[in-house]
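Written below as structure tokens is the structure these notes are about.
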Amino acid sequence: MSRFQDQVVIVTGAASGIGREIAHGFAREGARVAIADLNLEAARTAAAKISDAGGIAMGIAMDVSDEAAVNAGVEAVHAAWGRIDVLVSNAGIQIVHPVVSFPYADWRKVLAVHLDGAFLTTRACLKHMYAANSGAIVYMGSVHSKLASPLKAAYVAAKHGIVGLARAVAKEGAAHNVRANVVCPGFVRTPLVEKQIPEQARELGISEEEVVKNVMLKDTVDGEFTTLEDVTEAVLFLAGTKTKALTGQSLVVSHGWFMQ
Ligand code: NAD
Numbered sequence: 000m001s002r003f004q005d006q007v008v009i010v011t012g013a014a015s016g017i018g019r020e021i022a023h024g025f026a027r028e029g030a031r032v033a034i035a036d037l038n039l040e041a042a043r044t045a046a047a048k049i050s051d052a053g054g055i056a057m058g059i060a061m062d063v064s065d066e067a068a069v070n071a072g073v074e075a076v077h078a079a080w081g082r083i084d085v086l087v088s089n090a091g092i093q094i095v096h097p098v099v100s101f102p103y104a105d106w107r108k109v110l111a112v113h114l115d116g117a118f119l120t121t122r123a124c125l126k127h128m129y130a131a132n133s134g135a136i137v138y139m140g141s142v143h144s145k146l147a148s149p150l151k152a153a154y155v156a157a158k159h160g161i162v163g164l165a166r167a168v169a170k171e172g173a174a175h176n177v178r179a180n181v182v183c184p185g186f187v188r189t190p191l192v193e194k195q196i197p198e199q200a201r202e203l204g205i206s207e208e209e210v211v212k213n214v215m216l217k218d219t220v221d222g223e224f225t226t227l228e229d230v231t232e233a234v235l236f237l238a239g240t241k242t243k244a245l246t247g248q249s250l251v252v253s254h255g256w257f258m259q
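Written out as structure tokens, the structure is:
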């Protein structure tokens, strides 16, 4: 039997990049997957790809930083499928500036998507998980949940904050059989990273090749990007493990960039 047979999984930010691959991973393991993303059209297109591959998926419109939209989206999934077993809080954005000139509006935007989004989706799903006395939440952290890089103050602060949220949810969720963990990837070549390469080259005054080699992958053990499959594997493991011992943890998947 597949690992997530008949379970219901919500993945935020799953119309693109890492989230989309994670959604496919759960669907391959028998789950019904809700693709929650800003743009309904894009979410539906991603869901259709899963259906074409023989899985079960639905697309829902959700701005994770909008309380009403999150509550409505989670309720729609619960109404359609009757349960919520796993939340993958993955939606994220990146905006780079030096701290000294970081526009406050950009700071708030980054924190809203990562931190408010993680909190709001958690709260909406926990209600159903507690009622079922079962559930797992996996947050998308980053190596930047563990260390800092220049120009990324808002992202680094948000990703560190997610580890704190996961630990608090693990403490409170235990009495209801709900586990919470974080996956912390190194650089993965998604649109989010493709956008940063020229931006960082401009800000740091170096070439794009140098950004990849001397900034992004400098401290990996093998000079390799982390892959979508690497991250999906870790998410499926943390969501699916039967041991209650694995909660409140953050697992770094980064080709050795950060070792803990
Ligand atoms: P991506 O840009 O390819 O995908 C992000 C998705 O999130 C998009 O579909 C976007 O529409 C959606 N999104 C953005 N704001 C949203 C909002 N307010 N509500 C709902 N959806 C929203 O990016 P990605 O690289 O796949 O990143 C996914 C997650 O992985 C992020 O949390 C990111 O911080 C994290 N991460 C990425 C890397 C990397 O190297 N790519 C490394 C570590 C962590």
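Everything in the sequence shown is counted per numbering that gives the first Met the number 0, starting at 0 for the first residue and increasing by one. Glycine included, each C-beta is placed from N, C-alpha and C at the ideal position.
>> Tell me whether the region 38-53 and the region 7-20 touch, counting them as touching only if at least three CB pairs, one residue from each stretch, are closer than 8 angstroms.
In response: yes
>> I need the straight-line Cα distance from R2 to A30, nearest angstrom please.
In response: Here the question's residue 2 lines up with position 3 in the sequence shown. Here the question's residue 30 lines up with position 31 in the sequence shown. Cα to Cα, R2 sits roughly 8 angstroms from A30.
>> As a quick exercise: from G81, V69, G53 and Y129, pick the residue whose alpha carbon is nearest that of N176.
In response: Within the sequence shown, residue 176 is the residue found at index 177, counting from 1. When only C-alpha atoms are compared, the closest one is Y129.
> Going by the beta-carbon positions, is the gap between V112 and A90 smaller than 8 angstroms?
Replying inline: On the sequence shown, residue 112 is found 113 positions in, with the first residue counted as 1. On the sequence shown, residue 90 is found 91 positions in, with the first residue counted as 1. Closer than 8 angstroms, so yes.
> Between which two residues does the beta strand (DSSP E) containing D62 stretch?
Replying inline: Locating residue 62 in the sequence shown gives position 63, where the first residue counts as 1. Unbroken run through D62: none, as it is neither H nor E.
>> Can you look up S50 in the DSSP assignment and give me helix, strand or coil?
In response: As a working note, residue 50 is residue 51 in the sequence shown. Of the three classes helix, strand and coil, the one that applies to S50 here is helix, per DSSP.
> Does DSSP put H254 in a helix, in a strand, or in coil?
Replying inline: Your numbering for residue 254 matches position 255 in the sequence shown. Of the three classes helix, strand and coil, the one that applies to H254 here is coil, per DSSP.
> When the Cβ atoms of the region 54-64 are set against those of the region 157-170, are three or more pairs found closer than 8 angstroms?
Replying inline: no
> Roughly how far, in whole angstroms, is the beta-carbon of V109 from the beta-carbon of A153, given that I think they are within contact range, below 8 angstroms?
Replying inline: Along the sequence shown, read from residue 1 onward, the residue named residue 109 stands at position 110. Along the sequence shown, read from residue 1 onward, the residue named residue 153 stands at position 154. Sure, about 4 angstroms apart at Cβ, within 8 angstroms.
> Under 8 angstroms between the Cβ atoms of W256 and T231?
Replying inline: Here residue 256 corresponds to residue number 257 of the sequence shown, with the count starting at 1. Here residue 231 corresponds to residue number 232 of the sequence shown, with the count starting at 1. Contact flag unset, no.
> Would you call V260 buried or exposed, if buried means 16 or more other Cβ atoms sit within 10 Å of its Cβ?
Replying inline: Since the first and last residues shown for the chain are 0 and 259, residue 260 lies out of range.
>> Using the three-state DSSP reduction, which class does N213 fall into: helix, strand or coil?
In response: For the purposes of this step, residue 213 is taken as residue 214 along the sequence shown, with counting starting at 1. Looking at N213 - three-state DSSP - the assignment turns out to be helix.
> Would you report the Cα separation of G316 and H96, rounded to the nearest angstrom?
Replying inline: Nothing about residue 316 can be reported from this structure: the residues present for the chain run from 0 to 259 only.
> Hey, would you say I49 sits closer than 8 angstroms to A79, going by beta carbons?
Replying inline: The residue labelled residue 49 in the question sits at position 50 within the sequence shown. The residue labelled residue 79 in the question sits at position 80 within the sequence shown. The answer is no: Cβ separation not under 8 angstroms.
> Where DSSP assigns a beta bridge to D36, which residues make up the other side?
Replying inline: Here residue 36 refers to the residue found at position 37 when the sequence shown is read from its first residue. Answer is A60, bridged to D36.
>> Helix, strand or coil, according to DSSP, for I94 in the structure here?
In response: As a position in the sequence shown, residue 94 is number 95, starting the count at 1. Three-state result, I94: coil.
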